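Participant: Under our numbering, residue 198 is the last one in the sequence shown; the count climbs by one each step, no gaps. Take this structure first; my questions come after.
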Amino acid sequence: MAVAVQDIAQWLDERGWEYLTVEDDDQTRFVFSLECSGSLALSLEVSVAEEGQFVQLRAAELIAGRTLETTPYRRRILSAAAEETFRRRLAKIGFDPQDGEIDCCVDLPLEDCILTQRQFEYAFHLVILVARLVHARMAVILETGRDPGPLDVEDLPKPE
Numbered sequence: 039m040a041v042a043v044q045d046i047a048q049w050l051d052e053r054g055w056e057y058l059t060v061e062d063d064d065q066t067r068f069v070f071s072l073e074c075s076g077s078l079a080l081s082l083e084v085s086v087a088e089e090g091q092f093v094q095l096r097a098a099e100l101i102a103g104r105t106l107e108t109t110p111y112r113r114r115i116l117s118a119a120a121e122e123t124f125r126r127r128l129a130k131i132g133f134d135p136q137d138g139e140i141d142c143c144v145d146l147p148l149e150d151c152i153l154t155q156r157q158f159e160y161a162f163h164l165v166i167l168v169a170r171l172v173h174a175r176m177a178v179i180l181e182t183g184r185d186p187g188p189l190d191v192e193d194l195p196k197p198e
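Structure, rendered in structure tokens:
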């Protein structure tokens, strides 16, 4: 097995995070939220599937589908999402045509290797950082209609 569900649970426990465990027939998901600086709360999910050979870290609903349906800047939002995916390594920005939400994920196809805690922490940090950057960019587009382009860490709100 590439990673045990218990390992993921232990790594999340070590961070002191409270999470909900959802077990389906083909995967186990850890679902929780993270309060970020500013008014952003990320809805996070870690999915372990294919008997531990595939892990996905996901920040859901960076932009809600309802918002994307009603904004006159839909095309700019989708263009920015595509550009962010093109520019980033490992992290992907997705658009779900079923409900219209924009999300961010990191897929880790492990196959015949073992996921270490260090790799998990790196991927976890990455999905949170990219989600925050993309959310900030999309918020500017929704507010002003202007795309500021890719943002840097310095552009994010600082903790109070």
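Think of the CB as a built atom: it goes at the ideal place given N, C-alpha and C, for glycine as much as any other residue. Bear in mind the structure is a predicted one, so any value in this text is a computation, not a measurement.
List the DSSP bridge partners of residue 67.
Facilitator: 60, 85
Participant: Please state if the CB of residue 65 and the CB of residue 85 are separated by a distance shorter than 8 Å.
Facilitator: yes
Participant: Where does the unbroken beta strand (DSSP E) through residue 94 begin, and where does it stop?
Facilitator: 92 to 101
Participant: For a test of the three-state rule: what should DSSP assign to residue 45, helix, strand or coil?
Facilitator: helix
Participant: Whole angstroms is fine: what's the gap from residue 124's alpha carbon to residue 100's?
Facilitator: 18 Å
Participant: Is the beta carbon of residue 194 closer than 8 Å to that of residue 174?
Facilitator: yes
Participant: Please report the distance separating the alpha-carbon of residue 42 from that of residue 126.
Facilitator: 28 Å
Participant: Do you know whose CA, among 48, 113, 171, 46, lies nearest residue 133's CA?
Facilitator: 113
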